[in-house]
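Here's the structure we're looking at; comments come further down.
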Ligand code: HEM
């Protein structure tokens, strides 16, 4: 018996080693450079075992293979590609979008999965069309009055707080109340009551950063398995509190005789079509309008505060705009403040909020040789996973010299902008799947910036401890330490 088991084990081990070796020769046979895989988990072992974040892993891969336009990795035994070259990235995201229409993630939660970023081509087309209709210039113009009110409440809040608050607190109250007002037609009042329903919902959905990061990695690398076991890529399932909130919004709208033309009305009409997806549409706005934008805002406040020259230049632009437009809160006035745009883009570059883009190859595609002038083109087959390591590209000295410096001129000075490939900046993605809330995100950040710059000089309070450190997150990024900002009233 013992001998039989030993022989079977030996045969299995020989077969398995042969099989794994064969699988791991995939990239070598095609002349594609790749980091050495481990026996079972390929190159993703360190992320699964919390030794490295996905972002850092992509940074390592990106930096190690200078001179190559892409690198092969193994997701367990399955080959995947990490793109390095901005021109090739444009090729895949824009010019050959037809071969890369899908993303890799499959969300188990039926509500959170109604997000254009998580669905396959046909469903994506419909969702994207519907969502775009709610974020047009006209729709955003209609939202400005709500954001202006939130700004006023924020000013009162700062006064009550003796003009010293944490950037996180200010940012999430601001983006939370904006989503409540602009998307759900409600008054969030978090600056008045001090508590934010949006933050409560977020906290109910999130997990300890390490467990959450495990779920993110699993969702990315084992999407089918996660769907099967109902493991949500985003953390916990959407809480009942959120569903109750949206159901209340819709019931209120059904009872109302006034003809609204906003996102809450779109939710009402979606429900009337007998479509439970309206919770999902609402969640989609929550995820990006509140959370992603909140993270971006924390870092925008940090950089504007700790860079006095940038702060002064921005303030001058706001003051000039106030004189020429007679207001700083109209869509046209906001649009004209291009230095503020540069600040936002430079923040999203330096503190890349969404760390990498993912795509799934939906039609076989021929990549050029991994190194110009060496080797042969490589065919990647349908189903291959593709990663674009945005943060690593944003920190590449070739494209952004002195990359850890915060310098809005990178997006303001035309010569500097022309000196790098267009696609070296991917803070909002690119191609048909480019971020569809960019206009809204930029407008809400400009609204808070103009309000703060006109009223205060911003200063980092001594309670802030540098370096701030960062949480162990795979996807988004939040500083570990608190950023305390003092708002010194301007006469
Ligand atoms: C500063 C804030 C934001 C940043 C940095 C950001 C960044 C991004 C990035 C990098 C992508 C991936 C694009 C790609 O795969 O090529 C994306 C997709 C997306 N974003 Fe944003 N985003 C922000 C705010 C928003 C807001 C406010 C909304 C909506 C209200 C939004 C809605 C979406 C949607 C729906 C997608 C998926 C698009 C698709 O797959 O068709 N985002 N965003």
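Numbering (our numbering), first residue to last: 37 to 527. Ideal Cβ placement from N, Cα and C applies to all residues, glycine included.
Between the C-alpha atoms of residue 62 and residue 391 there is a straight-line separation of about 27 Å.
As DSSP reads the structure, residue 396 sits in a beta bridge with 138 and 421.
The continuous alpha helix (DSSP H) containing residue 484 extends over residues 474-491. When DSSP states are grouped into helix, strand and coil, residue 521 belongs to the strand group. Residue 471 has its Cβ nearer than 6 Å to a heavy atom of ligand 1.
Distance from the CA atom of residue 129 to the CA atom of residue 401, rounded to whole angstroms, is 13 Å. Beta-bridge analysis with DSSP links residue 401 to 416. When DSSP states are grouped into helix, strand and coil, residue 386 belongs to the helix group. Within the region 68-117, the runs of beta strand (DSSP E) that reach at least 3 residues and sit entirely inside it are, in chain order, 106-111. Sequence-distant Cβ neighbours of residue 339 in its own chain, meaning closer than 6 Å and more than five residues away, are 383 and 442.
Fully contained in the region 165-223 are the following alpha helix (DSSP H) runs of length 4 or more, in chain order: 173-196 and 203-218. Collapsing the DSSP output to three states places residue 259 in a helix.
Straight across, the Cα-Cα distance linking residue 311 with residue 95 is about 42 Å.
Setting aside the 5 residues that flank it on each side, residue 204 is surrounded in the same chain by 334, each with a C-beta closer than 6 Å to its C-beta; the list follows chain order. Residue 274 places its beta carbon less than 7 Å from that of residue 148. Segment contact: the region 476-483 against the region 363-373, three or more CB-CB distances shorter than 8 Å; contact assigned.
The region 78-98 makes no contact with the region 126-142: fewer than 3 CB pairs, one atom from each, lie closer than 8 Å. With a cutoff of 6 Å, residue 122 does not count as near ligand 1, since its C-beta is closer than that to no heavy atom of the ligand. Residue pairing from DSSP places residue 494 in a beta bridge opposite 523. Shown here for residue 92: not one same chain residue has a beta carbon closer than 8 Å to its own, the five before and five after excluded. Taken atom to atom, the span from the alpha-carbon of residue 406 to that of residue 376 is near 38 Å.
A distance below 7 Å separates the beta carbons of residue 330 and residue 211. Using a Cβ-Cβ distance cut-off of 8 Å, the region 118-129 and the region 415-427 are in contact, since at least three pairs of beta carbons, one from each stretch, lie closer than that value. In this structure residue 297 is not in contact with residue 306, their Cβ atoms being roughly 15 Å apart against a cut-off of 8 Å.
Listed in chain order, the alpha helix (DSSP H) runs fully inside the region 307-337 are 314-321, counting runs of at least 4 residues. The C-alpha of residue 183 lies about 8 Å from the C-alpha of residue 217.
Taking 6 Å as the cut-off, one finds at least one heavy atom of ligand 1 near enough to the beta carbon of residue 324.
Residue 419 sits exposed, since fewer than 16 C-beta atoms from the chains shown fall within 10 Å of its C-beta. Judged by the Cβ position, residue 42 fails to qualify as a neighbour of ligand 1 at the 6 Å threshold, every heavy atom of the ligand being at least this far.
Secondary structure note for residue 55: its alpha helix (DSSP H) is the uninterrupted segment 38-59.
By the Cβ criterion, the region 454-473 is not in contact with the region 343-354, since fewer than three pairs of Cβ atoms, one from each stretch, lie closer than 8 Å.
Each of 385, 221 and 241 was checked against the Cα of residue 461, and the nearest Cα belongs to 385. For residue 365, the three-state secondary structure derived from DSSP is coil. The alpha-carbon separation between residue 501 and residue 199 amounts to approximately 19 Å. Three or more Cβ pairs drawn from the region 268-288 and the region 230-246 lie within less than 8 Å of each other, which places the two stretches in contact.
Check the Cα spacing between residue 526 and each of 164, 230 and 355: the tightest is with 355.
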